[in-house]
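Below: one structure, written as C-alpha cells.
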Amino acid sequence: RIPVHMIETINKIVRTSRQMLNEIGREPTPEELAEKLGMPLEKVRKVLKIAKEPLSLETPIGDEEDSHLGDFIEDKNAILPIDAAIQSNLRETTTRVLASLTPREERVLRMRFGIGMNTDHTLEEVGQQFSVTRERIRQIEAKALRKLKHPSRSRKLRSFLDN
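So the mapping is simple: our numbering equals the position in the sequence shown, first residue as 1, plus 472.
What follows is the structure, given as C-alpha cells:
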C-alpha cells in the first residue's frame with residue numbers, strides 16, 4: 473500500500489512532468505524534474521519507480537479507506553442497465569406477441585426457436601411432442617410465422633430491430 477504522503481508526491485511529480493512536457497515538448501528527465509521541484513534526484517527516481525509498480529485492485533482509496541481501486545474499474549463483461557432494460561422489454565413483448573397466436577402455434581415456435589428454453593428443437597422432435605409428422609409441424613410453424621409478419625404483430629417487435 474502506498475502511503476498518502478507518497479501519493480501526494482507522485483501526483484506532484486506527475487503534474488510537473490505534464491507541465492514540463494508541454495513546455496519543452498518531450499518527457500522531462502528525472503534530473504530536470506528534481507531541479508524544477510527542488511527535490512533530491514534519488515527521491516524523484518524512487519517516486520517514479522513506485523509510481524510504475526503495479527497496484528493491487530484492493531488498494532484502499534480515499535480518507536475513510538472504505539473504497540478500493542477495483543471499485544472504480546469498469547467490468548466490460550457486465551450488462552449495461554440500458555441493455556438489461558431492452559432485453560427485459562423484448563422478452564415481455566415477445567411473450568405478448570406469441571400469446572396472440574394459438575397455444576399450439578406458440579408452443580411450436582417456442583420449441584423450434586428455443587424461446588425460453590435452453591435449446592431449439594428439430595421438426596422431428598417437435599412432431600414427437602405433438603404426436604404429428606414433421607411436415608405438419610413445418611406447416612404450423614409457417615402459418616404462425618405468417619401471422620407474426622402481419623403488421624398488427626410485427627409492429628410491436630420492429631422497434632427492437634432498429635436498435
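The C-beta atom is built at its ideal place from N, Cα and C for all residues, glycine as well.
Since this is a predicted model, take the numbers as computed values, not measurements.
Query, Result
"Rounded to the nearest angstrom, how far is the Cβ of Lys508 from that of Met492, given a contact under 8 Å?", "6 Å"
"For Leu562, which option in Lys484, His477, Phe632, Ser489 has the closest C-alpha, if you only look at C-alpha atoms?", "Phe632"
"Touching or not, the region 566-584 and the region 613-623, by the rule of three or more beta carbon pairs under 8 Å?", "yes"
"Who are His540's beta bridge partners in DSSP?", "Pro532"
"Taking the C-alpha atoms as reference points, what is the distance between Glu503 and Asn549?", "43 Å"
"How about Glu596 and Arg608: do their beta carbons lie closer than 8 Å?", "no"
"DSSP three-state label for Ala556, please.", "helix"
"Going by DSSP, what residue range makes up the alpha helix (DSSP H) through Gly599?", "595-602"
"Let me know if Leu570 comes out buried or exposed under the rule of 16 or more other beta-carbons within 10 Å of its beta-carbon.", "buried"
"Rank Thr531, Pro553, Ala556, Ile554 by C-alpha distance to the C-alpha of Phe544 and give the top, closest one.", "Thr531"
"Just tell me which of Val486, His593, Leu581 has its CA closest to the CA of Leu617.", "Leu581"
"Short check: CB of Ser572 to CB of Arg625, under 8 Å?", "yes"
"Would you check if the distance between the CB atom of Thr566 and the CB atom of Ile587 is smaller than 8 Å?", "yes"
"Would you tell me roughly how many angstroms separate the C-alpha atoms of Lys524 and Asp535, rounded to the nearest one?", "23 Å"
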